[in-house]
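Written out below as structure tokens is the structure these notes cover.
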Amino acid sequence: MAAAKKAKLAIVGVGNMGSNHCATVGSISNLELVAVCDTDRERADEIAAKHDVQAFYSHKDLLKAKVADAVMVATPHYDHTTIGIDVLKAGLHLLVEKPISVHKADCQKLIRAHKNKKQVFSAMFNQRTDPHYIKLKELIEGGELGKITRINWIITNWFRSQRYYDSGGWRATWGGEGGGVLLNQCPHQLDLMTWLFGEPETVRADIAIGKYHKIEVEDEVTAYLTYKSGATGIFITSTGEAPGTNRLEVTGTRGKVIIEKGSGLEFVRNEIPMDEFCKTSEKSFAPPPRWNINIPIKGHGDQHKGILQNFADAITKGAKLIAPAEEGIKSVELANAMLYSGIQDVKVKMPLSAPAYQKHLKKLIDNSTFVKKTVTKKAASDDFASSF
Ligand SMILES: NC(=O)c1ccc[n+]([C@@H]2O[C@H](COP(=O)([O-])OP(=O)(O)OC[C@H]3O[C@@H](n4cnc5c(N)ncnc54)[C@H](O)[C@@H]3O)[C@@H](O)[C@H]2O)c1
1 MAAAKKAKLA IVGVGNMGSN HCATVGSISN LELVAVCDTD RERADEIAAK HDVQAFYSHK
61 DLLKAKVADA VMVATPHYDH TTIGIDVLKA GLHLLVEKPI SVHKADCQKL IRAHKNKKQV
121 FSAMFNQRTD PHYIKLKELI EGGELGKITR INWIITNWFR SQRYYDSGGW RATWGGEGGG
181 VLLNQCPHQL DLMTWLFGEP ETVRADIAIG KYHKIEVEDE VTAYLTYKSG ATGIFITSTG
241 EAPGTNRLEV TGTRGKVIIE KGSGLEFVRN EIPMDEFCKT SEKSFAPPPR WNINIPIKGH
301 GDQHKGILQN FADAITKGAK LIAPAEEGIK SVELANAMLY SGIQDVKVKM PLSAPAYQKH
361 LKKLIDNSTF VKKTVTKKAA SDDFASSF
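Be aware that the sequence shown starts at 1, since it is given in the working numbering, and climbs by one per residue.
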């Protein structure tokens with residue numbers, strides 16, 4: 001029997017996340033790690049030796065060597081655009097870490113470079129593999145919740161210490177990362193927000209810069225969103241709260257879904273839709289009678305492995321992508337809109353102007369006086385796996 005087709009993968013940027021992906025590739029039968037690339041030579045050599053693959057110190061040399069069919073980019077954020085464009089221009093398949101770029105204009109540039117649609121172009125939105133959110137999407141699309149009226153997401157369990165922010169020169173700076181919690185931790189939830197509910201019509205946010213940490217970017221956000229359908233949404237996040245919360249509450253005319261970390265999916269269904277009951281009830285105070293529906297959900301899906309597997313399947317078998325990278329522009333635009341609203345103290349009408357945001361970000365970078373202190377010593381214990 002002929003051996004199953006395998007895609008040859010190179011990973012660019014093998015820090016915390018990239019090295020984690022290197023290990024995951026070994027568990028995917030139609031994906032083979034053939035090279036790693038990192039501008040930190042020692043790091044590249046160390047990870048290459050660990051996996052017995054070739055090391056490169058520049059992505060351009062990697063592309064010239066033609067050793068891979070596909071490249072994953074897991075570098076600091078701004079390089080997702082530049083390296084991603086080079087990978088696409090070289091004709092290789094591309095899997096880019098979140099966020100696909102730092103700002104909307106860069107997303108547009110990256111997406112425009114995807115000319116050959118035979119090249120698979122995916123993004124690491126691993127939380128799309130979580131069965132909780134998959135079920136919620138099914139319930140929404142199947143009309144089980146009726147018309148969505150309110151979305152509340154409190155996602156404050158992204159606690160990060162000062163040590164975390166000091167661990168990389170690029171982290172939590174306008175010039176290196178392009179933002180804080182919205183650009184690093186929340187791209188997952190912002191992606192799910194747009195995947196599940198579409199894009200809002202307006203965005204109004206309060207953001208706090210360096211409220212809990214010595215950083216020049218946001219570590220707390222409270223945003224208010226309005227949707228064309230009439231629904232409203234609240235999005236609250238922080239990296240300075242402990243204990244934190246991860247609670248998504250979605251209310252529709254036919255009921256409510258609550259997803260809270262560790263406690264599954266709770267579905268409370270109105271026997272009569274609220275809008276109908278409101279018009280016809282003989283009573284003044286009683287809400288519609290309801291059922292509590294138990295939807296058993298096991299685990300949180302295959303996460304990073306699920307997206308890597310899907311990427312390999314898309315290359316070798318033409319599988320449909322779970323997270324097409326083109327969709328990654330939506331979460332970046334939402335993050336940009338929240339930052340713009342919070343810093344400029346305005347309500348943003350979507351779509352956000354890409355050039356206006358780029359100009360705004362450039363000003364933040366140009367006016368930065370923040371002196372970043374970086375700790376290079378390795379952390380006492382490796383707790384990276386508990387970070388997502
Ligand atoms: N999907 C997830 O759950 C998840 C979790 C954590 C981080 N991430 C994402 O992964 C990416 C990397 O984050 P991290 O925490 O691993 O950062 P990191 O700082 O630990 O690693 C980045 C690595 O990239 C290397 N690098 C920098 N510029 C480079 C270049 N031009 N070419 C090659 N290598 C280069 C650095 O030397 C470093 O080793 C970010 O986009 C981050 O948002 C995703």
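Virtual Cβ for every residue (Gly too), placed ideally from N, Cα, C.
Quantities reported herein were computed from a predicted structural model and do not represent experimental measurements.
### Message
Check whether the stretch 92-104 and the stretch 267-276 touch, using three or more Cβ-Cβ pairs below 8 Å as the test.
### Response
no
### Query
With threonine 222 and glutamate 201 assumed to form a contact (beta carbons below 8 Å), what rounded beta-carbon distance in angstroms separates them?
Taking the first residue of the sequence shown as 1, we reach residue 222 at position 222. Taking the first residue of the sequence shown as 1, we reach residue 201 at position 201. Wrong, their Cβ atoms sit about 19 Å apart, outside the cutoff.
### Query
Taking three-plus beta-carbon pairs below 8 Å as touching, is the stretch 344-358 in contact with the stretch 148-168?
no
### Query
When DSSP builds the beta bridges, which residues end up paired with serine 238?
The residue given as residue 238 occupies position 238 in the sequence shown. Beta-bridge pairing links serine 238 to Glu220.
### Message
Quick test of the definition: if touching needs 3 or more C-beta pairs under 8 Å, does the stretch 171-190 touch the stretch 209-216?
### Response
yes
### Message
Suppose the cutoff is 6 Å on Cβ atoms and the five residues either side in sequence are ignored; what does the same chain contact list for alanine 380 look like?
### Response
Taking the first residue of the sequence shown as position 1, residue 380 is located at position 380. Unreliable placement is indicated for alanine 380, whose pLDDT of 46 sits below 50; no coordinate value is reported for it.
### Query
When you compare only the Cα positions, how much space is there between serine 58 and alanine 65?
Within the sequence shown, the letter at position 58 stands for residue 58. Within the sequence shown, the letter at position 65 stands for residue 65. Answer to the nearest angstrom: the Cα atoms are 11 Å apart.
### Query
So what's aspartate 206 in DSSP terms, helix, strand or just coil?
Against the sequence shown, residue 206 aligns to sequence position 206. DSSP places aspartate 206 in strand when its eight states are reduced to three.
### Task
Only counting runs of 4 or more residues, tell me where the alpha helix (DSSP H) segments fall wholly within the stretch 141-168, in order along the chain.
162-165
### Message
Taking 8 Å as the cut-off, is the C-beta of threonine 39 nearer than that to any heavy atom in ligand 1?
### Response
What you label residue 39 is simply residue 39 of the sequence shown in a count that begins at 1. Because some heavy atom of ligand 1 lies under 8 Å away, the Cβ of threonine 39 counts as near it: yes.
### Bridge partner(s) assigned by DSSP for histidine 300
Residue mapping note: residue 300 aligns to position 300 of the sequence shown, counting from 1. For histidine 300, which the question treats as bridged, DSSP gives no partner whatsoever.
#### Entry: Under the three-state DSSP convention, the category glutamine 119 falls into
As a working mapping, residue 119 is identified with position 119 in the sequence shown. Here glutamine 119 sits in coil by DSSP.
#### Entry: DSSP bridge partner residues for glycine 255 (one or two, in chain order)
As a first step, residue 255 is located in the sequence shown; it is residue number 255 there, counting from the start. Answer is Gly252 and Arg269, bridged to glycine 255.
### Task
Using a threshold of 9 Å, state whether the C-beta atoms of histidine 132 and histidine 300 are closer than that.
As a working mapping, residue 132 is identified with position 132 in the sequence shown. As a working mapping, residue 300 is identified with position 300 in the sequence shown. Cβ distance < 9 Å, so histidine 132 and histidine 300 count as in contact.
### Query
According to DSSP, is phenylalanine 197 helix, strand or coil?
Position 197 of the sequence shown, counted from the first residue, corresponds to residue 197. DSSP places phenylalanine 197 in helix when its eight states are reduced to three.
### Task
State the Cα-Cα distance for the pair methionine 17 and leucine 308, rounded to the nearest angstrom.
Position 17 of the sequence shown holds residue 17. Position 308 of the sequence shown holds residue 308. Taking the straight line joining both Cα atoms gives about 13 Å.
### Message
Between the stretch 146-154 and the stretch 231-243, can you find at least three pairs of beta-carbon atoms closer than 8 Å?
### Response
yes
### Query
Which one or two residues does DSSP pair with tryptophan 291 in a beta bridge?
Against the sequence shown, residue 291 aligns to sequence position 291. Note: tryptophan 291 sits in a beta bridge opposite Arg269.
### Message
Using C-beta distances below 7 Å, list every residue in its chain close to lysine 372, excluding the 5 sequence neighbours before and after it, in chain order.
### Response
Position 372 of the sequence shown, counting from 1, holds the residue named residue 372. Around lysine 372: Gly169 and Thr173.
### At least 3 beta-carbon pairs within less than 8 Å: the stretch 106-124 vs the stretch 76-91
yes
### Task
Spatial neighbours of alanine 105 within its chain, please: CB distance less than 6 Å, with the 5 preceding and 5 following residues excluded, ordered by chain position.
The residue you call residue 105 lines up with position 105 of the sequence shown. Same-chain partners within the cutoff: Ala354 and Gln358.
### Query
Roughly how many angstroms separate the alpha carbons of lysine 256 and asparagine 270, rounded to a whole number?
Taking the sequence shown and counting its residues from 1, one reaches residue 256 at position 256. Taking the sequence shown and counting its residues from 1, one reaches residue 270 at position 270. Spanning the two alpha carbons is a distance of roughly 8 Å.
### Query
Within the present structure, is the beta-carbon of alanine 74 separated from the nearest heavy atom of ligand 1 by less than 8 Å?
Translated into the one-based positions of the sequence shown, residue 74 becomes position 74. Under cutoff, so the answer is yes.
### Query
Within this structure, are the beta carbons of phenylalanine 197 and alanine 323 separated by less than 9 Å?
Here residue 197 is taken as the residue at index 197 of the sequence shown, counted from 1. Here residue 323 is taken as the residue at index 323 of the sequence shown, counted from 1. No. Outside cutoff.
#### Entry: CA-to-CA distance, phenylalanine 370 to glutamate 241, given in whole angstroms
Residue numbering aside, residue 241 sits at position 241 when the sequence shown is read from its first letter. Residue numbering aside, residue 370 sits at position 370 when the sequence shown is read from its first letter. Approximately 23 Å between the Cα atoms of the pair.
### Query
Alpha carbon to alpha carbon, how far is aspartate 302 from glutamate 282?
Locating residue 302 in the sequence shown gives position 302, where the first residue counts as 1. Locating residue 282 in the sequence shown gives position 282, where the first residue counts as 1. Their Cα atoms are separated by approximately 49 Å.
### Query
Taking the alpha carbon of glycine 230 as the point to measure from, which residue in Thr253, Asn246, Ile209 and Gly244 has its own alpha carbon closest?
For the purposes of this step, residue 230 is taken as the residue at position 230 of the sequence shown. Comparing Cα positions, the closest option is Thr253.
### Pairwise C-alpha distance: valine 71 and phenylalanine 121
The residue you call residue 121 lines up with position 121 of the sequence shown. The residue you call residue 71 lines up with position 71 of the sequence shown. If you take the alpha carbons of phenylalanine 121 and valine 71, they lie about 10 Å apart.
#### Entry: Collapsed DSSP secondary structure at glutamate 326 in the structure displayed
Against the sequence shown, residue 326 aligns to sequence position 326. If DSSP states are grouped into helix, strand and coil, glutamate 326 belongs with the helices.
### Query
From which residue to which residue does the beta strand (DSSP E) around histidine 213 run?
To locate residue 213, count along the sequence shown from 1; it is residue 213. Taken as a continuous stretch (DSSP letters only), histidine 213 belongs to no beta strand (DSSP E), as it is neither H nor E.
### Task
Indicate, with yes or no, if ligand 1 has a heavy atom lying under 8 Å from the CB of serine 58.
For the purposes of this step, residue 58 is taken as residue 58 along the sequence shown, with counting starting at 1. Yes, since a heavy atom of ligand 1 falls inside the 8 Å radius drawn around the Cβ of serine 58.
### Query
Is the beta carbon of leucine 265 less than 9 Å from the beta carbon of isoleucine 295?
Locating residue 265 in the sequence shown gives position 265, where the first residue counts as 1. Locating residue 295 in the sequence shown gives position 295, where the first residue counts as 1. Yes, they are a contact pair.
### Query
Hey, arginine 403 and lysine 6 are a contact pair by Cβ (cut 8 Å); roughly how many whole angstroms apart?
Residue 403 lies beyond the residue range present for the chain, which begins at 1 and ends at 388; the question has no answer from this structure.
#### Entry: Span of the beta strand (DSSP E), counted from its first residue to its last, around leucine 110
Taking the first residue of the sequence shown as position 1, residue 110 is located at position 110. Run containing leucine 110: none in the beta strand (DSSP E); it sits in the alpha helix (DSSP H), 104-112.
### Query
When every heavy atom of ligand 1 is checked, does at least one fall within less than 8 Å of the C-beta of histidine 188?
In the sequence shown, the residue the question calls residue 188 occupies position 188. Yes, Cβ of histidine 188 sits closer than 8 Å to a heavy atom of ligand 1.
### Task
Take the Cβ of glycine 142 as the centre, count every other Cβ of all protein chains shown within 10 Å, and call the residue buried at 16 or more, exposed below.
In the sequence shown, counting from the first residue as 1, residue 142 sits at position 142. The residue is exposed, with fewer than 16 neighbouring Cβ atoms inside 10 Å.
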